[in-house]
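In the numbering used here, the protein residues as written are 934 to 1272.
So the structure is just underneath, and the comments pick up after that.
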Ligand code: AQP
């Protein structure tokens, strides 16, 4: 079976490991909305089993799970057009994850840069789950025979590993069962960087709140964070090339371009020679204009957690309609007895 014989289907997910950031919005959610109704079946997940690879307070985890769901819905994911659910309600993810733990090789896991970044010098003390994270992610994707996965640049290596796992499974069992999924990484903000250090990515769980824009930040907070964002003293250059070796400046230009659906070149053409005193307030205004309606809607949704839970429960039922038969077939291929 080649990729083209699979139903065009998108899967992607977001971890409820803290509040959503502008990185999650531009690198993921905004693009998920764009792929909805564009010739794909779309399956979007709140990947709570991934969140617990590092300690999460149980009550906060439930709130964060609902908040990610609210972020999807408020940004335009329509639960009638897409399947929207949280991973823990579809037990097939964990089961296929185990099978893939037996397919993936330790050497492959050792090459995962995100694990190295997250574990740092503490690798002996982090959870086994954090190490095995990429094989669960492969299960998330392949459980739906997803053909395309929109992700930010940071997840590219994990999607490549997903392809390796699919290829090894197909080879080991002499089948053409799992597709070789295509990562979809395109646009100017595939790696939104930390506002205080343009060489590090913006993360939910980064140490300081000042290094990220949260999707729920109010207008004053957004303006303050951009005002204090690290930059260099030079004004914006005449051409994009002039941003080479200026990571913080490049990041702010990329954020502007992604928020305004324009190319970084067009941003430079508009702001060539401008100082930060002009560009940063314009960026803050743009971010507020785009994020304020979403955060208002998120707040409204968060006031009705029962409705979010209902949407996620219904989404999980629909997800299982696809996932359960694929897992059953996987068991049969592997030789696991089902009475
Ligand atoms: N800074 C970013 N720029 C572009 N895309 C990003 N994504 C995350 N951060 C950026 C994309 O968002 C999707 C969901 O990511 P995730 O939350 O599941 O995992 P993550 O990449 O580990 O996100 P964080 O914010 O860094 O979480 P923590 O701090 O908990 O580890 C993915 O498509 C990702 O590429």
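Think of the CB as a built atom: it goes at the ideal place given N, C-alpha and C, for glycine as much as any other residue.
- Under the DSSP assignment, residue 1151 falls outside any alpha helix (DSSP H); it carries neither an H nor an E label.
- In terms of Cβ geometry, residue 1137 and residue 954 form a close pair [threshold 9 Å].
- In the three-state reduction of the DSSP assignment, residue 940 falls in the coil class, being assigned neither a helical nor a strand state.
- Per DSSP, residue 1131 is one residue of the beta strand (DSSP E) stretching across 1130-1134.
- Counting along the chain, no beta strand (DSSP E) covers residue 1029; the unbroken alpha helix (DSSP H) around it starts and ends at 1025-1034.
- Of the candidates 1018, 964, 981 and 948, the residue whose Cα lies closest to the Cα of residue 1240 is 1018.
- DSSP places residue 1015 in the strand class (E or B) of the three-state scheme.
- Given a length threshold of 4 residues, each whole run of the alpha helix (DSSP H) inside the stretch 1155-1240 is given here in chain order: 1180-1192, 1197-1204 and 1209-1235.
- When C-alpha distances from residue 1034 are compared across 1053, 1047, 1070 and 1056, the shortest belongs to 1070.
- Given a length threshold of 3 residues, each whole run of the beta strand (DSSP E) inside the stretch 1023-1102 is given here in chain order: 1081-1083.
- Taking the C-beta atoms as reference points, residue 1121 is found nearer than 9 Å to residue 1190.
- Counting only runs that start and end inside the stretch 956-992, the beta strand (DSSP E) elements of at least 3 residues fall at 974-979.
- Residue 947 carries a strand assignment under DSSP once its states are collapsed to helix, strand and coil.
- In this chain, the beta strand (DSSP E) harbouring residue 1117 covers 1115-1117.
- Linking residue 1247 to residue 1152 through their CA atoms gives a straight-line distance of about 34 Å.
- Taking 9 Å as the cut-off, the beta carbon of residue 948 is found closer than this to the beta carbon of residue 981.
- According to the DSSP secondary-structure assignment, residue 1126 is paired through a beta bridge with 1134.
- By the neighbour-count criterion, in which 16 or more other beta carbons inside 10 Å mark a residue as buried, residue 988 falls on the exposed side.
- With a cut-off of 8 Å, the C-beta of residue 1122 is classified as near the ligand AQP, since at least one heavy atom of the ligand falls inside that distance.
- Counting only residues of its own chain and dropping the five nearest sequence neighbours on each side, residue 1263 has a CB closer than 7 Å to the CB of 1029 and 1032.
- When rounded, the separation of the alpha-carbon atoms in residue 1142 and residue 1168 is 26 Å.
- Segment contact: the stretch 1086-1099 against the stretch 991-1010, fewer than three CB-CB distances shorter than 8 Å; contact not assigned.
- Contact annotation, residue 1074 with residue 1114: C-beta distance approximately 5 Å; criterion of less than 8 Å satisfied.
- Here residue 1200 really is in contact with residue 1186; their C-beta atoms are around 5 Å apart, less than 8 Å.
- Residue pairing from DSSP places residue 954 in a beta bridge opposite 1147.
- Nearest Cα to residue 1090 within the set 1044, 1079 and 1110: 1044.
- Distances from the alpha-carbon of residue 1179 to those of 1072, 1126, 979 and 1140 put 1126 closest.
- DSSP places residue 1140 outside both helix and strand once states are collapsed to three, so it counts as coil.
- At a cut-off of 8 Å, the beta-carbon of residue 1054 does not count as near the ligand AQP: no heavy atom of the ligand is closer than that.
- With a cut-off of 8 Å, the C-beta of residue 1087 is classified as near the ligand AQP, since at least one heavy atom of the ligand falls inside that distance.
- By a beta-carbon distance limit of 8 Å, residue 1251 does not contact residue 1078. Their separation comes to about 15 Å.
- The Cβ atoms of residue 1020 and residue 946 sit closer than 9 Å to each other.
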